[in-house]
Amino acid sequence: MLGFMITTAFFGFIVYIIFRLYEDSKNRDYSIKKRVIERQYYKEKPINPWEIKTKYPQEIKQNNPWNISDRNRWKKPENVIGERWTVDFLKCLEWKRYEDICMEYLRIKNCNAFVTCTGADGGIDIKVKDSKGTTFVIGQCKSWKRQIGVNLIRELYGVMAAEKAKHGVFLTTSTYSVEAQIFAKDKHLMLIDAEELVRLINNLNENERRRIDKIATAGDYTTPTCVQCNEKMVKRVAKSGANKGGEFWGCINYPKCRITMKVR
């Protein structure tokens, strides 16, 4: 009788161990599966912390090691310098900051680039000179949402002829029309859109990337700068007119300066 009880208890204990191992294996398989999902997701697409809220799977968002909040992490440059750029981040830069990073990229590429003038539309003319001081590249930046048409490319080509420059480069945060691309073909004109510039920046080495990162994220990089006063603008509300009640950017020196910009 005693032997039967011992045998029964032993086999009961074995069954209990097997049951616990089975339950534990189910949980362990799940955790491994989740880690595989994370590893594959991160491998397929480099980490972009400022996009994690909308693009990462829910289970990854809940366990991401960066503890990303809903706020734009680019507000804290010390936490994001060195991360890969995205088109969304490029488009959030105000027009002057965008031009600054374009200028810095040209300098990183050993171009003697400098600003010649700033226009009322927020555009910028860039000249690149050779070792003899001769201008051989004329450039322009446009931080626009709408597509760049052929007229602006024709204007740049005209400036090239007037300056006797051999090459021209146009950089924008948007895209180019088919007509603009056809016109630029075989004319020593380089058209760089948002996706191409992001790719070029991400292909820089670590030190070069950090140079651009620091310029891009220093201080307030989203509030537009007045093209006339070179001062940060302030958000105002229209009190009259067709846009009454609507928001717009106004110069801090109003009424002396009446430059305004649309709120994007």
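Each residue of the sequence shown is one higher than the one before, starting from 1 at the first, in UniProt numbering.
Glycine included, C-beta positions come from ideal geometry on N, C-alpha and C.
For clarity, every value in this text was computed on a predicted model and none was experimentally measured.
Restricting attention to Thr225, Ser174, Lys145 and Met190, the CA atom closest to the CA of cysteine 251 is found in Thr225. With a contact defined as Cβ atoms closer than 8 Å, valine 227 and isoleucine 259 qualify at about 6 Å. For cysteine 141, the three-state secondary structure derived from DSSP is strand. Cβ-Cβ distances below 7 Å link tyrosine 157 to Gly168, Lys187 and Leu189 in the same chain, with the five nearest sequence neighbours on each side left out; the list follows chain order. Bounds of the beta strand (DSSP E) holding lysine 235 are 234-237. Burial state of valine 263 is exposed, judged by a 10 Å Cβ sphere holding fewer than 16 other Cβ atoms. The continuous alpha helix (DSSP H) containing isoleucine 215 extends over residues 206-217. The residues Thr172, Thr173 and Ser174, in chain order, have a CB closer than 8 Å to that of tryptophan 144 in the same chain once the five nearest residues on each side in sequence are set aside. The beta-carbon separation of lysine 127 and threonine 135, rounded to 5 Å, stays under the 8 Å limit for a contact. Valine 234 and isoleucine 108 have their C-alpha atoms roughly 33 Å apart. In this structure, isoleucine 192 lies away from glutamate 163, with their beta-carbon atoms at least 7 Å apart. In this structure, serine 177 places its C-beta atom within 7 Å of the C-beta atom of glycine 149. Glutamate 179 and isoleucine 212 have their C-alpha atoms roughly 32 Å apart.
The C-alpha of cysteine 257 lies about 37 Å from the C-alpha of asparagine 110. Exclusion of the five residues before and after alanine 216 leaves Leu93, Arg97 and Ile101 as the residues of its chain whose Cβ lies within less than 7 Å of its Cβ. Beta-bridge pairing by DSSP links phenylalanine 170 to Gln140 and Leu191. Distance between aspartate 125 and lysine 239, taken at the CA atoms: about 35 Å.
Judged by DSSP in its simplified three-state form, valine 15 adopts helix. About 5 Å separates the Cβ atoms of threonine 223 and lysine 232, confirming a contact at the 8 Å cut-off.
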